[in-house]
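If you're matching positions, the sequence shown starts at 1137 in my numbering and goes up one per residue. From the three backbone atoms N, C-alpha and C, an ideal C-beta is built for every residue, glycine too. Below is one structure; the comments refer to it alone.
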Amino acid sequence: MWSLRDSLASSRAPVAMRSANESQPEHSQPELAALDPSQLAWLNWTHQLDGEFKVGSNNWAVSSKVGKPAEGHGGTSRAILASDMHLGLRVPTVWYRAVMQTPTRNHPNRTLVGVTLPGAPVMVEGSNGTVAWGFTNSTGDFGDLIELKMLSENQYATPQGPRSLEAYTEKISYGSGAEDYTYEWSIWGPVVEVRENRRFVHKWIGNDPEAFDLNLLKMESASSVQELADLANRAGMPNQNVMMVDDQGNIGWTISGRLPKRQGTPQWVAGDWSTQEAWVGYYAPEEYPRVINPPSGRLWTANNRIMGGAYMQSVGDGRFDPGARAKQIRDRLFEKEQFDEKDLLAIQLDDEARMMKVWQKWLQETIEATPKTNPKTTSEEFGTFAKKEELRASTNSVTYRIVHEFRNQVFSRIFGFDISRRGTLESRNRGLAKRLGIQRTIPVSYEDVAEELIEQKPQHWLPEEFGSWDELLTDAALATQEELTKDQPLAEATWGKRNRAAIKHPLSMAVPALGGFLDMPEVELPGDSHLPRVQSPSGGASQRLVVSPGFEEIGIYHQPGGASGHPLSPYYRAGFDDWANGQASALMPGPAVHTIEITPK
């Protein structure tokens, strides 16, 4: 029997998945602090961007200053929202698209359209005809690592006096067996690591019951951007960037969920709370950062640092996404004076790889600098493909795949890991950590470090197996050619062959023979990381929404699969082709074909 408790638990799942390793970087800080500062000068931790540069998921909004009037609806300009949430892709789909006709606080029969999360009785993202809203992960720092000051084997110091650790045992069942798992809990949260008789606790907002409620329901009743922002600031939900528009042409951005108020700036280092706690409650809604109706008439987010100053004090730095994707979205939004729904969908589908241009330049320079008499050199065909001007993550592009693989090969030589084969944080850091002489995870922007090293070519950072940085780059170029031609001619090594959909059902992962029956089609997909159309074989846009409140009938919606969980249903894969091909499809449903009536007992 499903209960309210189950709904609240299901709402915690997304924030738990996003924050599972939130405390990991703080473990490395004591070791990093012991290093010579000159050793750390190369490490731009998060590529924080301020001012005009903004940096996950994408969403943006245009106000009535730049929103085109809807054809056939008079000459009134409109505010329009675009939002695509990036998640792991699977079958059944993450979201359940819905239209709800329901009474709300201020309306007897309001129509809501958007997506809901199975198990959660709320419209997560969508429009109520007056306002529309969408979310991206804020990538803030909402947890702190604490080193307990132990007074005895079981007691630790707190500002209120000695306290004892509480031990809990959970039974973990699997297959035909079960194991007991015992863990310790302090007044600040669970003990997450014991190292050399030192205990570390993770104080995390996700463990506070106050951080979760169903106040997101109240957003369904909002009648303006201002009201929606006030409700988002009070809602017990994950800390998200909330992008908002209303039918009066207003746009806005703020942060949802509880924000911990700290004494001092959030630190990436384990703290001592034995005499004074760093958290002193939560920020009041009026203290939250927000932007309403900027002069440009444009707002955008992409898991980025939105601003500095007080924003950083309240939200913290949870390893923001590098700025290339958000910068490209920003640039696209300033390329035109007016936008409609299809214009904003085109930005969602933008697969131009502007960030990779610098890697294409380095590859071209490496090819040109290698003497033709050198027996170890790339082919003329390889050089021709590498020089092609247009660099897009399109399915038929050989050039993009070459540049992408070259970047991977350089990363593997500098950092000691292959970025295309995502391992644990520790394995991905082993090369860099070895050079610094530490063992822990390093919170670093690999892209920034690699670019700095290649531009400056410092000898003391050169991996010992190479005599020069030019030799490293040449070796990476040769390895790129070898990798792409070992199974096919170079001309057939397109990006689409590497980026094929792998959107699978849990049963097919256990029984692969069922894949053709249960999985989504294995089509070639455009897109990649660090550009607006984020796409990997099993990750990317879990939905795309473009909507203007009051004009839902011309809104656009994409989802990589249908509403039915039955593989024989015609609605099992409904919408997948439009999502994969970028074909605009309607947000609102057509006439009802089947009806299910649920009658309470």
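Practice item. Go to Gln1296, then tell me how far its beta strand (DSSP E) extends in each direction, as first and last residue. Key: Taking the sequence shown and counting its residues from 1, the one referred to as residue 1296 is at position 160. No beta strand (DSSP E) contains Gln1296, which DSSP labels as neither H nor E.
Exercise for review: Say whether chain D places a C-beta atom closer than 8 angstroms to the C-beta of Pro1396.
Suggested key: The structure shown contains no chain D; it holds only a single protein chain.
Review point. Roughly how far, in whole angstroms, is the beta-carbon of Asn1377 from the beta-carbon of Phe1271, given that I think they are within contact range, below 8 angstroms?
Key: The residue labelled residue 1377 in the question sits at position 241 within the sequence shown. The residue labelled residue 1271 in the question sits at position 135 within the sequence shown. Going by Cβ atoms, the distance from Asn1377 to Phe1271 rounds to 7 angstroms, so yes, they are a contact pair.
Review point. What number of angstroms, rounded off, separates the C-alpha of Gly1265 from the C-alpha of Phe1518?
Key: Counting from 1 along the sequence shown, the entry for residue 1265 is found at position 129. Counting from 1 along the sequence shown, the entry for residue 1518 is found at position 382. In a straight line, the C-alpha of Gly1265 is about 54 angstroms away from that of Phe1518.
Point to revise | Same chain, Cβ closer than 6 angstroms to Ala1638, neighbours up to 5 away in sequence not counted | key: Residue mapping note: residue 1638 aligns to position 502 of the sequence shown, counting from 1. Here the set comprises Pro1673, Ser1674.
Review point. Could you give the distance in angstroms between the alpha-carbon of Arg1468 and the alpha-carbon of Ala1462?
Key: One-based indexing of the sequence shown puts residue 1468 at position 332. One-based indexing of the sequence shown puts residue 1462 at position 326. For Arg1468 and Ala1462, the distance between alpha carbons rounds to 10 angstroms.
Point to revise | Cα-Cα separation, Glu1422 to Gly1444 | key: Sequence index remark: in the sequence shown, residue 1422 carries index 286 (1-based). Sequence index remark: in the sequence shown, residue 1444 carries index 308 (1-based). Rounded to the nearest angstrom, the two C-alpha atoms are 18 angstroms apart.
Review point. Where do the ends of the alpha helix (DSSP H) carrying Leu1469 lie?
Key: Here residue 1469 corresponds to residue number 333 of the sequence shown, with the count starting at 1. Counting along the chain, the alpha helix (DSSP H) containing Leu1469 begins and ends at 1460-1469.
Exercise for review: Could you name the residues of the same chain whose beta carbon sits closer than 7 angstroms to that of Gln1412, not counting the 5 residues immediately before and after it, in chain order?
Suggested key: Looking up residue 1412 in the sequence shown gives position 276. Pro1295.
Review point. Based on the DSSP output, what are the partners of Glu1315 in its beta bridges?
Key: On the sequence shown, position 179 is the one that residue 1315 refers to. According to DSSP, which records beta bridges pairwise, Glu1315 is partnered with Ile1308.
Exercise for review: Buried or exposed for Ile1503, please, with buried defined as at least 16 other CB atoms from any protein chain shown within 10 angstroms of its CB.
Suggested key: For the purposes of this step, residue 1503 is identified with residue 367 of the sequence shown, where counting begins at 1. Result: buried.
Practice item. Could you tell me the distance, in whole angstroms, from the CA atom of Ser1665 to the CA atom of Gln1671? Key: In the sequence shown, the residue the question calls residue 1665 occupies position 529. In the sequence shown, the residue the question calls residue 1671 occupies position 535. Answer to the nearest angstrom: the Cα atoms are 7 angstroms apart.
Review point. Considering only C-alpha positions, which residue in the set Leu1480, Met1286, Lys1524, Thr1520 is nearest to Ser1322?
Key: Along the sequence shown, one-based indexing puts residue 1322 at 186. Restricting attention to Leu1480, Met1286, Lys1524, Thr1520, the CA atom closest to the CA of Ser1322 is found in Met1286.
Point to revise | Where the beta strand (DSSP E) through His1338 begins and ends | key: By one-based count along the sequence shown, residue 1338 stands at place 202. Per DSSP, His1338 is one residue of the beta strand (DSSP E) stretching across 1334-1340.
**Study point:** Bridge partner(s) assigned by DSSP for Ala1197
**Key:** Here residue 1197 refers to the residue found at position 61 of the sequence shown. Looking at the DSSP assignment, Ala1197 forms a beta bridge with Leu1217, Leu1435.
Review point. With contact counted as at least three CB pairs below 8 angstroms, one residue from each stretch, are the segment 1521-1528 and the segment 1484-1504 in contact?
Key: Yes, they touch.
**Study point:** Environment of Ile1734 [buried if 16+ CB atoms lie within 10 Å]
**Key:** Residue numbering aside, residue 1734 sits at position 598 when the sequence shown is read from its first letter. Residue environment analysis places Ile1734 among the exposed positions, since fewer than 16 neighbouring C-beta atoms fall within 10 angstroms of its C-beta.
Exercise for review: Let me know if Leu1704 comes out buried or exposed under the rule of 16 or more other beta-carbons within 10 Å of its beta-carbon.
Suggested key: For the purposes of this step, residue 1704 is taken as residue 568 along the sequence shown, with counting starting at 1. Flag for Leu1704 reads exposed.
Check your understanding: Taking DSSP as the reference, what is the three-state secondary structure of Ala1681?
Key -> Counting from 1 along the sequence shown, the entry for residue 1681 is found at position 545. Residue identity check: residue 1681 is Leu in the sequence provided, not Ala. If DSSP states are grouped into helix, strand and coil, Leu1681 belongs with the strands.
Check your understanding: Does the distance from the CB of Phe1547 to the CB of Ala1586 come in under 8 angstroms?
Key -> If you number the sequence shown from 1, residue 1547 lands on position 411. If you number the sequence shown from 1, residue 1586 lands on position 450. A contact, by the Cβ cut-off of 8 angstroms.
Point to revise | Beta-carbon proximity list for Asp1316, same chain, < 7 angstroms, skipping 5 on both sides | key: As a first step, residue 1316 must be located in the sequence shown, where it is residue number 180. Taken in chain order, the residues that qualify are Thr1305, Lys1307.
Review point. Grouping DSSP H, G and I as helix and E and B as strand, with all else coil, what is Asn1245?
Key: Locating residue 1245 in the sequence shown gives position 109, counting from the first residue. Looking at Asn1245 - three-state DSSP - the assignment turns out to be strand.
Exercise for review: Express the C-alpha separation of Arg1214 and Met1236 in angstroms, rounding to a whole number.
Suggested key: To locate residue 1236, count along the sequence shown from 1; it is residue 100. To locate residue 1214, count along the sequence shown from 1; it is residue 78. In a straight line, the C-alpha of Met1236 is about 23 angstroms away from that of Arg1214.
Point to revise | The beta strand (DSSP E) enclosing Asp1280, as first and last residue numbers | key: Indexing the sequence shown from 1 puts residue 1280 at position 144. Residues 1279-1283.
Check your understanding: Considering Gln1719, what are the terminal residues of the alpha helix (DSSP H) in which it resides?
Key -> For the purposes of this step, residue 1719 is taken as the residue at position 583 of the sequence shown. Run containing Gln1719: none; DSSP gives neither H nor E here.
**Study point:** Close beta carbons around Arg1426, own chain, < 7 angstroms, minus the five adjacent residues each side
**Key:** Counting from one through the sequence shown, the residue named residue 1426 turns up at place 290. Listed in chain order, the non-local C-beta contacts of Arg1426 below 7 angstroms within the same chain comprise Ala1365, Gly1388, Trp1389, Thr1390, local neighbours out to five positions each way being set aside.
Practice item. Counting only runs of 4+ residues fully inside the segment 1360-1417, write out the alpha helix (DSSP H) ranges in chain order. Key: The segment 1360-1417 is shown to contain whole alpha helix (DSSP H) runs of 4 or more residues at 1361-1370, in chain order.
Check your understanding: When we look at the beta-carbon of Val1534 and count the other beta-carbons within 10 Å, is it buried (16 or more) or exposed?
Key -> For the purposes of this step, residue 1534 is taken as the residue at position 398 of the sequence shown. Residue environment analysis places Val1534 among the buried positions, since at least 16 neighbouring C-beta atoms fall within 10 angstroms of its C-beta.
Practice item. Mind listing, in chain order, the continuous alpha helix (DSSP H) runs of no fewer than 4 residues lying wholly within the segment 1600-1649? Key: Qualifying alpha helix (DSSP H) stretches, in chain order: 1605-1621, 1631-1634, 1642-1646.
Review point. Using DSSP with H/G/I as helix, E/B as strand and the rest coil, what is Ile1442?
Key: Taking the first residue of the sequence shown as position 1, residue 1442 is located at position 306. Taken through DSSP and simplified to helix, strand or coil, Ile1442 comes out as coil.
Exercise for review: State the Cα-Cα distance for the pair Arg1634 and Leu1480, rounded to the nearest angstrom.
Suggested key: Residue numbering aside, residue 1634 sits at position 498 when the sequence shown is read from its first letter. Residue numbering aside, residue 1480 sits at position 344 when the sequence shown is read from its first letter. If I take the Cα positions, the gap works out to 27 angstroms.
Exercise for review: Count the other C-beta atoms from every protein chain shown that fall within 10 angstroms of the C-beta of Glu1541, then say buried if there are 16 or more, exposed otherwise.
Suggested key: Residue 1541 sits at position 405 when you count from the first residue of the sequence shown. Taking all protein chains in view, the Cβ of Glu1541 is crowded by 16 or more other Cβ atoms within 10 Å, so the residue is classified as buried.
Exercise for review: Can you say whether Phe1470 is buried or exposed, counting buried as having 16 or more other CB atoms within 10 angstroms of its CB?
Suggested key: Start at 1 with the first residue of the sequence shown, and residue 1470 comes out as number 334. Result: exposed.
Exercise for review: Just grab the DSSP bridge partners of Ala1303 for me.
Suggested key: In the sequence shown, residue 1303 corresponds to position 167, counting from 1. Looking at the DSSP output, Ala1303 bridges to Glu1320.
Check your understanding: With a cut-off of 8 angstroms, do at least 3 Cβ pairs link the segment 1218-1233 to the segment 1674-1694?
Key -> Yes: the two stretches touch, three or more of their Cβ pairs being nearer than 8 angstroms.
Point to revise | For His1222, the residue or residues it bridges with in DSSP | key: Locating residue 1222 in the sequence shown gives position 86, where the first residue counts as 1. Answer by DSSP bridge pairing, in chain order: Ala1677.
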